Ligand SMILES: NC(=O)c1ccc[n+]([C@@H]2O[C@H](COP(=O)([O-])OP(=O)(O)OC[C@H]3O[C@@H](n4cnc5c(N)ncnc54)[C@H](O)[C@@H]3O)[C@@H](O)[C@H]2O)c1
């Protein structure tokens with residue numbers, strides 16, 4: 148494959164999340180949806196037509212073996228992410244895999260080994276890191292405007308009880324296990340604001356409240372909160388709550404550094420993403436983060452290039468543009484035009500703390516070391 152050939156993409160889980168990427172792929176010349184796979188026979192033909200794929204498969208391994216694919220997008224339920232990623236990597240087919248990377252530490256280890264053996268790349272599709280505010284904060288942090296970051300918070304509070312009726316896997320893998328089962332949307336952006344750092348140990352607790360489903364079966368404990376200490380001695384607090392009755396608040400973030408701080412909007416019509424930076428304001432005074440994209444002199448300096456030149460398709464893409472930019476970055480990484488932005492170790496740094504938090508909460512909040520996948 149030369150770098151100018153469009154990447155032939157296969158999408159597994161095409162009837163669900165995997166089906167969200169048609170507009171993005173249509174807008175990018177360097178990728179085409181070649182094949183799709185889904186075990187749901189009834190929806191397969193519809194998904195094939197909706198995504199404009201040439202081929203459709205009910206069996207994933209058959210797609211990998213039969214179709215002429217360069218890459219796959221794994222958009223199936225979480226428990227299939229590792230086995231399906233490994234199956235592709237073993238065939239040297241590049242992988243863009245939905246979050247989280249895996250559902251157990253053991254299978255994550257197997258994934259890391261498979262990445263080491265493969266000639267193909269693995270990227271985790273953590274789309275929240277691409278949202279405009281998160282990208283601006285990343286750039287401000289990269290340019291040192293927060294000084295040394297030493298505290299951050301991320302929250303993903305999203306009542307998904309209703310979804311569990313149509314996606315039963317969620318009932319177990321996201322809402323049936325105490326601890327953080329879905330932490331990458333919160334931890335992912337924060338880790339990008341603390342480059343070169345990683346979480347080394349975590350503890351996790353939750354209120355003891357357990358709501359019940361319609362069959363009287365208890366959900367996981369509500370509002371699990373994980374504290375993380377990092378290699379550079381920063382503290383990060385992550386709250387994930389997928390079961391409490393309340394409005395959605397999936398993008399709550401905070402960052403505190405020696406020379407500035409950021410607080411995302413807490414939602415509702417009255418709040419804004421806001422930042423204080425010592426270098427711009429001697430006095431403590433919030434500034435609207437949007438200024439960094441709206442004022443031309445600021446945008447030129449602090450709005451990352453992908454957002455400065457964002458097309459209408461990118462701006463309108465799902466999850467604040469994340470569903471567009473993650474595909475662009477993946478395709479560019481496959482074609483060797485940019486480094487892999489969320490490689491296997493970055494994916495592990497975002498995923499493993501949540502898995503270890505499940506062990507911590509089972510042991511009444513004990514602090515537990517988070518393994519470094521670079522040593523596996
Ligand atoms: N990044 C995000 O913002 C975001 C948003 C939604 C979902 N997700 C992730 O995407 C994944 C899928 O979520 P969803 O809401 O689409 O779930 P879903 O259950 O609605 O859809 C999954 C699809 O995969 C198919 N499928 C299931 N097992 C399969 C298998 N073994 N082989 C082939 N196809 C199979 C199902 O038939 C279904 O069409 C999950 O991991 C979820 O965490 C991420």
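Residue numbers (my numbering): 148 to 523. All residues carry an ideal CB built from backbone N, CA and C; glycine is no exception. All figures in this text were calculated on a predicted structure; none of them were measured in a lab.
DSSP places residue 215 in the coil class of the three-state scheme, outside both helix and strand.
CA-CA distance, residue 378 to residue 344, rounds to 6 angstroms. Under the DSSP definition of a beta bridge, residue 351 partners with 373. Under DSSP, residue 224 takes part in no beta bridge, so it has no partner. For residue 156, the uninterrupted beta strand (DSSP E) run begins and ends at 154-159, by DSSP. In the DSSP annotation of this structure, residue 398 is not part of any alpha helix (DSSP H); the continuous beta strand (DSSP E) holding it starts and ends at 396-404. Across the structure, residue 340 and residue 288 are spaced so that their CA atoms are roughly 6 angstroms apart. Counted as a single uninterrupted DSSP element, the alpha helix (DSSP H) harbouring residue 333 occupies residues 331-340. In this structure, residue 507 lies away from residue 255, with their beta-carbon atoms at least 8 angstroms apart.
In this structure, ligand 1 has a non-hydrogen atom nearer than 7 angstroms to the beta-carbon of residue 222.
Between the alpha carbons of residue 366 and residue 354 lies a gap of roughly 13 angstroms. A straight-line Cα-Cα distance of about 17 angstroms links residue 368 and residue 384. Rounded to the nearest whole angstrom, the C-alpha separation of residue 502 and residue 372 is 13 angstroms.
With a contact defined as Cβ atoms closer than 8 angstroms, residue 298 and residue 403 qualify at about 4 angstroms. Comparing C-alpha distances from residue 439 to each of 429, 422, 431 shows the shortest one belongs to 422. A straight-line Cα-Cα distance of about 23 angstroms links residue 408 and residue 349. Counting along the chain, the unbroken alpha helix (DSSP H) around residue 471 starts and ends at 469-481. Going by beta carbons, residue 392 and residue 325 fall outside the 8 angstroms limit. Taking residue 197 as the centre and dropping the five residues before and after it, the same chain places the C-beta of 166, 169 closer than 8 angstroms to its C-beta, in chain order. Every beta strand (DSSP E) of 3 residues or more that sits fully in the segment 169-205 is shown, in chain order, as 178-184, 202-204. Of the candidates 482, 500, 276, 318, 482 places its Cα closest to the Cα of residue 176. For residue 182, the closest C-alpha among the options 163, 171, 220 is that of 220.
Residue pairing by DSSP puts residue 382 in a beta bridge opposite 298, 376. Under the three-state reduction of DSSP output, residue 304 falls in the strand class. Distances from the CA of residue 453 to each of 428, 425, 155, 485 were compared; the closest alpha carbon is that of 485.
For residue 179, the closest C-alpha among the options 193, 201, 189 is that of 201. In the DSSP assignment, the residues bridged to residue 359 are 365. CA-CA distance, residue 514 to residue 265, rounds to 34 angstroms. Under the three-state reduction of DSSP output, residue 389 falls in the coil class, being neither helix nor strand.
Exclusion of residue 183 from the 7 angstroms shell around ligand 1 follows from its C-beta lying no nearer than that to any non-hydrogen atom of the ligand. About 4 angstroms separates the Cβ atoms of residue 281 and residue 336, confirming a contact at the 8 angstroms cut-off. Counting C-beta pairs closer than 8 angstroms gives three or more between the segment 458-478 and the segment 267-286, which meets the contact rule. The three-state reading of DSSP puts residue 241 in strand, counting E and B together. Beta-bridge analysis with DSSP links residue 515 to 349. For residue 398 and residue 419, the gap between their C-alpha atoms comes out near 12 angstroms.
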